[in-house]
Amino acid sequence: MKPSRATPEPTTPEPRILVARPDRIGDVILSTPVIAALREQYPNASITFLVRDFVAPLVREIPGVDRVFVYDPDGRHSGVTGFFRLMEELKAQRFQISIVLQSTRKLAAALFGVGVPNRIGPLSKIHSYLFYNRGSRQRRSLVEMHEADYNLQLLRKLGIRVGSHQIPSRVAISEEKRKAARDWLADKGWDARDENRKRLIAVHPGMGGSALNWPENYYVDLIRSLRKEGNEILLSGGPAEGFLLERIVLELAKTDDTAIVYAGKLAEDAGPASVDTLGALFAECDLVVAPSTGPLHVAVALGLPVVTFYPPIRVQSAIRWGPYLNDPEDAGVLVPEVYCGEDFKCRGPKCNYYPCMKMIGPREALREVSRLLGRRDAERASREKAASSEGTVPGGNAAV
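The sequence shown runs 826 to 1225 under the numbering used here.
Right, here's the structure in full:
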């Protein structure tokens, strides 16, 4: 869908644009529709995406991004010296437009200090009123729309209007990473080249703690049910979630169930954990099960069906943070059916429904998995039929 323009462009048709989202994986992925909308409006612009180092591999090659600027507030951009280094690096790029999707005082001040002519950002904190000359008042804690739509709303300052859920999120996984993932899975006993291979379903039970999670033993029960139906399981997590994965593996062993375990690295000597490696593994899967976490949004951006669990608390809800999809039927979003009057955090034992996430049973999750796999099978059969009639061969699992 081509964004409509309600007002004239503030700069030339070939502006140098900075889009900044200096926080976590999911937040950055939900910012990628902004890149697509800008590229549609300014096909000849130079677009730089400012992100943290651990997210950079996922967005470095997405369509529309010309350059990734790695923001390092804990390293080379820390302290007073780092602030001036940041200003120097930004000034060298001669940006004409900056769009800061998640405001930090240091970044906003640096963009102001180097004199970017059009400084767009959410007006929510005191510093934002000082440093953004094209700010937009937003109270995201009211959860009136999805996070991705809040991001796109800022583009109205450039006269760009995009309908809700019209532009999908994107990530880019290199073929080198995908081959490494396929080889690793083959070494573990699941070979993508085997025509008789089992379905591969990723279960990613960990999260950073920004929302309530599904109970750990429910993940175990779901994995057992999925294996009973003949599926292979990829149990994934980051380096900090090793103990969680180990506990789940030990529980599965009690019923002689197993899983392929990925805990942040393909090998001990593989270097630092990389989120694009996880994305490459997901790209080989038929479906991903995960709570409200960055890897969930990686799966969605890869075009995979997902089953996920969200709390009813307002700022943690799926309304703002759920899978960003044009068709909600493409995901199984499970939320406890309770009346929750909490806006920011769980009341714990003081709440009559606590712990409400236990109300979402493993059977309910299994039903959603079955529904989505059936839907995926039907779509794949339709593609294969169309491809055979045209004399072409359809592609692999996930669109990248």
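The C-beta atom is built at its ideal place from N, Cα and C for all residues, glycine as well.
Straight-line CA distance for residue i to residue j?
i: A862; j: A870; result: 12 Å
i: L1091; j: I951; result: 45 Å
i: V1113; j: Y975; result: 26 Å
i: E886; j: E1000; result: 12 Å
i: V996; j: L883; result: 5 Å
i: I1085; j: A1078; result: 13 Å
i: L936; j: S928; result: 11 Å
i: S966; j: P1153; result: 22 Å
i: N1056; j: S1035; result: 30 Å
i: A1203; j: T1080; result: 33 Å
i: P1030; j: R1172; result: 23 Å
i: R930; j: R1049; result: 48 Å
i: A1212; j: E1193; result: 28 Å
i: R1052; j: G1119; result: 25 Å
i: A845; j: E1054; result: 44 Å
i: L1198; j: G1166; result: 34 Å
i: L932; j: S903; result: 11 Å
i: R1003; j: L855; result: 22 Å
i: R1201; j: S1207; result: 10 Å
i: R962; j: R981; result: 12 Å
i: G807; j: L1060; result: Outside the displayed span of the chain (826 to 1225) sits residue 807, for which this structure offers no information.
i: G900; j: E914; result: 14 Å
i: R1022; j: S1195; result: 18 Å
i: F1169; j: N958; result: 30 Å
i: T837; j: P1174; result: 58 Å
i: M979; j: D1008; result: For the sequence presented, residue 979 should be read as Leu rather than Met. Distance between the alpha carbons of L979 and D1008 is about 42 Å.
Who are the Cβ neighbours of residue i in its own chain at under 8 Å, not counting the five residues just before and after it?
i: V1163; result: P1137, Y1178, C1181, M1184
i: Y954; result: L948, G960
i: A1011; result: A1017, R1018
i: L1150; result: H990, P993, V1125, A1156
i: R864; result: A870, I872, P888, G889
Starting from residue i, trace the beta strand (DSSP E) in both directions and tell me its first and last residue.
i: G1157; result: 1156 to 1159
i: L843; result: 841 to 845
i: V893; result: 892 to 895
i: I924; result: 922 to 925
DSSP beta-bridge partners for residue i?
i: A1027; result: L1059, V1113
i: Y1087; result: S1061
i: T906; result: Per DSSP, none; premise fails for T906.
i: L875; result: A845, F894
i: T1133; result: A1115, V1158
i: L948; result: R962
i: N1177; result: Answer is none; N1177 lacks a bridge partner.
i: N943; result: I922
If we call anything under 9 Å between Cβ atoms a contact, is residue i one with residue j?
i: L875; j: V895; result: yes
i: P847; j: R892; result: no
i: F909; j: A1027; result: no
i: L1127; j: I998; result: yes
i: V1158; j: P1148; result: yes
i: A1006; j: A1105; result: yes
i: V1140; j: V1131; result: no
i: R849; j: R919; result: no
i: E1041; j: I1073; result: yes
i: V939; j: M912; result: yes
i: A1088; j: M1032; result: no
i: L1129; j: D1111; result: yes
i: L1075; j: G1062; result: no
i: L1121; j: G907; result: no
Quick one: residues in its chain with C-beta nearer than 7 Å to the C-beta of residue i, no 5 flanking neighbours on either side, listed in chain order?
i: R830; result: Its pLDDT being 44, under 50, R830 is placed unreliably by the model, and the measurement read from it follows with that caveat. Counting only Cβ-Cβ distances below 7 Å, and skipping sequence neighbours, we find Q866, G984, I985.
i: S1099; result: P882
i: L977; result: P858, V859, A862, V987
i: K1210; result: none
i: Y1044; result: V1028, P1030, I1073
i: I1058; result: I1026, V1028, I1048, L1051, R1052, A1084, I1085
i: K1013; result: I1085
Along the alpha helix (DSSP H) that carries residue i, what are the first and last residues, could you check?
i: V1194; result: 1187 to 1215
i: K1002; result: 1000 to 1012
i: T837; result: First-last for T837: undefined, no H or E at that position.
i: F1107; result: 1100 to 1107
i: W1146; result: 1143 to 1146
i: P882; result: 881 to 884
i: T1080; result: Where T1080 is concerned, there is no enclosing alpha helix (DSSP H), given that its DSSP letter is neither H nor E.
i: I850; result: 850 to 854
When the cut-off is 9 Å and only beta carbons count, does residue i lie next to chain C?
i: E1001; result: The question asks about chain C, but that chain is absent: this structure has only one protein chain.
So, at 6 Å on beta carbons, what are the nonlocal neighbours of residue i in its own chain, with the 5 sequence-adjacent residues on each side left out?
i: I1144; result: V968
i: S923; result: L843, L936, V941, R944
i: S989; result: D974
i: F1068; result: none
i: A1190; result: L1047, V1132
i: S1117; result: A1036, Y1135, W1146
i: V880; result: I850, V853
I'd like to confirm something about residue i: is its beta-carbon nearer than 8 Å to some heavy atom of the ligand HEM, or not?
i: E1193; result: The ligand HEM is not part of this structure, which contains no ligands at all.
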